[in-house]
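Written out below as structure tokens is the structure these notes cover.
There are 2 protein chains.
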Amino acid sequence: MENFVFYNPVKIIFGKGEIARVAKEIPVNSKVMVLYGRGSIKKNFVYDAVKDALKHHDWLEFGGIEPNPKYETLMRAVDIIQKENVDFLLAAGGGSVIDGTKFVAAASKYEGEDSWDMLAKAEKVKAALPLGVVLTIPATGSEMNSTAVISRNSTKEKLPLSHPRLFPQFSVLDPEVVYSLPEKQVQNGIVDAYVHVLEQYLTYPVQAEVQDRWAEGVLKALMDTGPKILQDQKNYNNAANLMWEATMALNGILRCGVPEDWSTHMIGHEITALHGIDHAETLAMVLPGVMQEMREEKSEKLLQYAGRVMNVRDDIPHDKRIDQVIEKTEHFFKSMGMQIRLSDHGINMSTIDEIEKRFRQRPGFDALGEHENMNPSRVRNILESRL
Amino acid sequence: MENFVFYNPVKIIFGKGEIARVAKEIPVNSKVMVLYGRGSIKKNFVYDAVKDALKHHDWLEFGGIEPNPKYETLMRAVDIIQKENVDFLLAAGGGSVIDGTKFVAAASKYEGEDSWDMLAKAEKVKAALPLGVVLTIPATGSEMNSTAVISRNSTKEKLPLSHPRLFPQFSVLDPEVVYSLPEKQVQNGIVDAYVHVLEQYLTYPVQAEVQDRWAEGVLKALMDTGPKILQDQKNYNNAANLMWEATMALNGILRCGVPEDWSTHMIGHEITALHGIDHAETLAMVLPGVMQEMREEKSEKLLQYAGRVMNVRDDIPHDKRIDQVIEKTEHFFKSMGMQIRLSDHGINMSTIDEIEKRFRQRPGFDALGEHENMNPSRVRNILESRL
Numbered sequence: 012m013e014n015f016v017f018y019n020p021v022k023i024i025f026g027k028g029e030i031a032r033v034a035k036e037i038p039v040n041s042k043v044m045v046l047y048g049r050g051s052i053k054k055n056f057v058y059d060a061v062k063d064a065l066k067h068h069d070w071l072e073f074g075g076i077e078p079n080p081k082y083e084t085l086m087r088a089v090d091i092i093q094k095e096n097v098d099f100l101l102a103a104g105g106g107s108v109i110d111g112t113k114f115v116a117a118a119s120k121y122e123g124e125d126s127w128d129m130l131a132k133a134e135k136v137k138a139a140l141p142l143g144v145v146l147t148i149p150a151t152g153s154e155m156n157s158t159a160v161i162s163r164n165s166t167k168e169k170l171p172l173s174h175p176r177l178f179p180q181f182s183v184l185d186p187e188v189v190y191s192l193p194e195k196q197v198q199n200g201i202v203d204a205y206v207h208v209l210e211q212y213l214t215y216p217v218q219a220e221v222q223d224r225w226a227e228g229v230l231k232a233l234m235d236t237g238p239k240i241l242q243d244q245k246n247y248n249n250a251a252n253l254m255w256e257a258t259m260a261l262n263g264i265l266r267c268g269v270p271e272d273w274s275t276h277m278i279g280h281e282i283t284a285l286h287g288i289d290h291a292e293t294l295a296m297v298l299p300g301v302m303q304e305m306r307e308e309k310s311e312k313l314l315q316y317a318g319r320v321m322n323v324r325d326d327i328p329h330d331k332r333i334d335q336v337i338e339k340t341e342h343f344f345k346s347m348g349m350q351i352r353l354s355d356h357g358i359n360m361s362t363i364d365e366i367e368k369r370f371r372q373r374p375g376f377d378a379l380g381e382h383e384n385m386n387p388s389r390v391r392n393i394l395e396s397r398l
Numbered sequence: 012m013e014n015f016v017f018y019n020p021v022k023i024i025f026g027k028g029e030i031a032r033v034a035k036e037i038p039v040n041s042k043v044m045v046l047y048g049r050g051s052i053k054k055n056f057v058y059d060a061v062k063d064a065l066k067h068h069d070w071l072e073f074g075g076i077e078p079n080p081k082y083e084t085l086m087r088a089v090d091i092i093q094k095e096n097v098d099f100l101l102a103a104g105g106g107s108v109i110d111g112t113k114f115v116a117a118a119s120k121y122e123g124e125d126s127w128d129m130l131a132k133a134e135k136v137k138a139a140l141p142l143g144v145v146l147t148i149p150a151t152g153s154e155m156n157s158t159a160v161i162s163r164n165s166t167k168e169k170l171p172l173s174h175p176r177l178f179p180q181f182s183v184l185d186p187e188v189v190y191s192l193p194e195k196q197v198q199n200g201i202v203d204a205y206v207h208v209l210e211q212y213l214t215y216p217v218q219a220e221v222q223d224r225w226a227e228g229v230l231k232a233l234m235d236t237g238p239k240i241l242q243d244q245k246n247y248n249n250a251a252n253l254m255w256e257a258t259m260a261l262n263g264i265l266r267c268g269v270p271e272d273w274s275t276h277m278i279g280h281e282i283t284a285l286h287g288i289d290h291a292e293t294l295a296m297v298l299p300g301v302m303q304e305m306r307e308e309k310s311e312k313l314l315q316y317a318g319r320v321m322n323v324r325d326d327i328p329h330d331k332r333i334d335q336v337i338e339k340t341e342h343f344f345k346s347m348g349m350q351i352r353l354s355d356h357g358i359n360m361s362t363i364d365e366i367e368k369r370f371r372q373r374p375g376f377d378a379l380g381e382h383e384n385m386n387p388s389r390v391r392n393i394l395e396s397r398l
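Structure below.
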């Protein structure tokens, strides 16, 4: 097992009816900005519940944060915050709104010239406004971590930002928000969470028993919840399970002391940046290619995953077991409504050329994966195998 | 799934060589008290490592905290703290030292007449000194929770104290401390952690998929680590696994949204209070009796535990499967060096009479268990079945 630091101070308030509790979590003398997306919270019960909870607070709202939240949009929120002296942010939304709010929290306190440098130049986050969350889509885990991924229109870039100052102070997880989600968002949530776990698991073994068991536990739980919730999206326990699975998939506990490989995400982000395709769809397209390309390096964990999670028989040769576990993973993604080929989305060689070129130019992107041996040529192989 | 709040801000610093990092975690202008037990930290490397880490701090030490830490001893530390204006506590020890330090943190700031009232009268902890931990024995999980269990000589009581103010600010977990532990403490640690998980698991199902999988994961990991570490206590990964298993067993994550049953602990505490027997030994004695007495109420989870953790065949009748899983649990405890009968420790009917009497007198102890239907007569049955 490797040395590690684990720290996650997010207070989780979980269960139906709990949105009312935001009132107690935000200092009553705060000037609050409620940030949200394209208005789905006004169609379900969330906006009204937040409004009711904040009836003794001074607050204003900022709507319109888009999927793959845009720097350009978020900077408009920053302007208002600075003009209105907002001092507490409440994100009411899914991963995009929460990520966007984290960026806004840091950008509002940024003292340099261009707050995009926190992402493009990996500048440290020196200060940030406090933030809370009312989660509306289980998927990204952003409600219980300190990372955000932000896109910039003008440069077609999508880059991560991470700092302990960006942990939400609290997150309210009310599973009833799942009832009215479009089916596609539920499917995306399952696949997103599933791949988050695999990026922290499919590397090489370091005898980290609990970490492996817990990763396998979330994968099994997601494979159990997925079909059930697509059958019955208004079942409370299905919704609650999906919500907790997605949060536990990326709150930092699974990565403790183990190697990680975020190459599927790095490649997927480029596909979203270039084509605007849903994050989960890109992961479902890319991951089987990564498993295939890295099957030697990842063989031990692929076999463990095959046996413990996918029930692949262990009396057949290793190579066949790895073939089967890749197929079974693809099959699971398809059963969750994913299109798992680049060509399904009309993506062709020119995109692969562009991604290879970007990876050759961007510092650190020439050596992805847990062994830092996934170079741009191997990224090309992965993508070509997914055409 | 039930509604819940999860909050655990303890920063975990895990791995060999990490004790040096306490220097960065404690404000340099603090007056520090290092609390420890009966001197084992002076026989291994821990005392020297702490001393080295604190070379730029002003600090003093308080040794002699005993197993099942005593109110009488701890109040001597409180006196010194108040005289010397100590403002940061560093526990260097196992569960007893950490629990004792938590009590000292609260008692040093207590403004009433007798700080024991925080336990005996469940008074709220209104203030506490900040504390950090250097863990020396993996077992109780106290390094990552906000609970302490304290004994009082004069009344032969052993009672819990719990409050968010008692979370350590940080805990350093260096697995190399395990190398020089007496084998008995390693055995106790495994059984203690195992029963912690079962108290949060062996109740009734609420369709909490991740919580069940994670509880089962820690149980499986402990059953894997136990025999290995008794074979080779100086293997780093064995030590690291035991340490992380014990911490994860009781940091609050497994109890999220599920019912709990701490009756084995409540009964075990009485046996320790009356006879001074190791905490883990009492759990190993009592738990099989609880499983037997509550086999109807707990049948669904007993069967799930039988199938998923203990590999009991599922083609035999339910009753036989429950018999088998109780036997297999006893067998595991015995393989970890436990004596699992009261008579093994010379305990007889007079102790059972006394415990039944205490449970009849103490508020809340007439209705233990997840269904609050374990009354003092059933506690008597449990204990008689363990003679």
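Chains A and B are the protein sequences, given in the same order.
Sequential numbering of the first sequence, starting at 12, is according to my numbering.
Sequential numbering of the second sequence, starting at 12, is according to my numbering.
Every residue gets a Cβ at the ideal spot worked out from N, C-alpha and C, and that includes glycine.
Going by DSSP in three states, residue i sits in which element: helix, strand or coil?
i, result
"Ala204 of chain B", "helix"
"Ile278 of chain A", "helix"
"Met86 of chain A", "helix"
"Val39 of chain A", "coil"
"Leu46 of chain B", "strand"
"Val16 of chain A", "strand"
"Leu192 of chain A", "coil"
"Ser153 of chain A", "helix"
"Val217 of chain B", "coil"
"Arg373 of chain A", "coil"
"Ala159 of chain A", "strand"
"Glu77 of chain A", "coil"
"Gly111 of chain A", "helix"
"Phe343 of chain B", "helix"
"Gln244 of chain B", "coil"
"Gly228 of chain A", "helix"
Taking the alpha-carbon positions, what's the residue i to residue j distance?
i, j, result
"Asp63 of chain B", "Gly75 of chain B", "21 angstroms"
"Asp185 of chain B", "Thr362 of chain A", "48 angstroms"
"Val221 of chain B", "Asn249 of chain A", "12 angstroms"
"Arg49 of chain A", "Val108 of chain A", "10 angstroms"
"Gln350 of chain A", "Lys312 of chain B", "38 angstroms"
"Ile393 of chain B", "Phe370 of chain B", "13 angstroms"
"His207 of chain A", "Pro299 of chain A", "14 angstroms"
"Gln93 of chain B", "Leu101 of chain B", "16 angstroms"
"Thr84 of chain A", "Ala116 of chain A", "14 angstroms"
"Ile161 of chain A", "Glu194 of chain A", "24 angstroms"
"Pro175 of chain A", "Ala159 of chain A", "11 angstroms"
"Val336 of chain A", "Glu256 of chain B", "28 angstroms"
"Tyr18 of chain A", "Asn19 of chain B", "9 angstroms"
Looking only at DSSP bridge pairs, what is residue i linked to?
i, result
"Phe181 of chain B", "B:Lys22, B:Gly143"
"Met385 of chain B", "B:Leu379"
"Trp70 of chain B", "B:Val43"
"Ala103 of chain A", "A:Tyr47, A:Val145"
"Glu169 of chain B", "Sequence check: residue 169 of chain B is Lys here, not Glu. Answer by DSSP bridge pairing, in chain order: B:Ser162."
Find out if the Cβ-Cβ distance for the pair residue i, residue j is shorter than 8 angstroms.
i, j, result
"Met385 of chain A", "Ser310 of chain A", "no"
"Gly268 of chain A", "Glu13 of chain A", "yes"
"Leu314 of chain A", "Asp272 of chain A", "no"
"Met347 of chain A", "Gln198 of chain A", "yes"
"Gly106 of chain A", "Ala150 of chain A", "yes"
"Ala291 of chain B", "Val202 of chain B", "yes"
"Gln244 of chain B", "Tyr205 of chain B", "no"
Give me the chain B residues within the contact set of residue i, using Cβ-Cβ distance strictly less than 9 angstroms, ordered along the chain.
i, result
"Arg324 of chain A", "Per Cβ cutoff of 9 angstroms: no residues; Arg324 of chain A is ~18 angstroms from chain B at best."
So which residues of chain A does residue i contact, with C-beta pairs closer than 7 angstroms?
i, result
"Lys35 of chain B", "Residues of chain A passing the Cβ test: none, with the nearest at roughly 11 angstroms."
"Thr236 of chain B", "Glu220"
"Met259 of chain B", "Val221"
"Met321 of chain B", "Within 7 angstroms Cβ-Cβ: nothing; Met321 of chain B doesn't reach chain A, min ~15 angstroms."
Which chain B residues sit within Cβ distance under 8 angstroms of residue i?
i, result
"Lys27 of chain A", "Asn14"
Confirm the yes/no value for this check: CB of residue i, any heavy atom of the ligand PLP, distance under 7 angstroms.
i, result
"Val145 of chain A", "No copy of the ligand PLP occurs in the structure displayed, which carries no ligand at all."
Under 8 angstroms between beta-carbons, which chain A residues line up against residue i? List them in chain order, please.
i, result
"Val229 of chain B", "Val221, Arg224"
Name the chain B residues whose beta carbon is nearer than 7 angstroms to that of residue i?
i, result
"Ala232 of chain A", "Glu220, Val221, Arg224"
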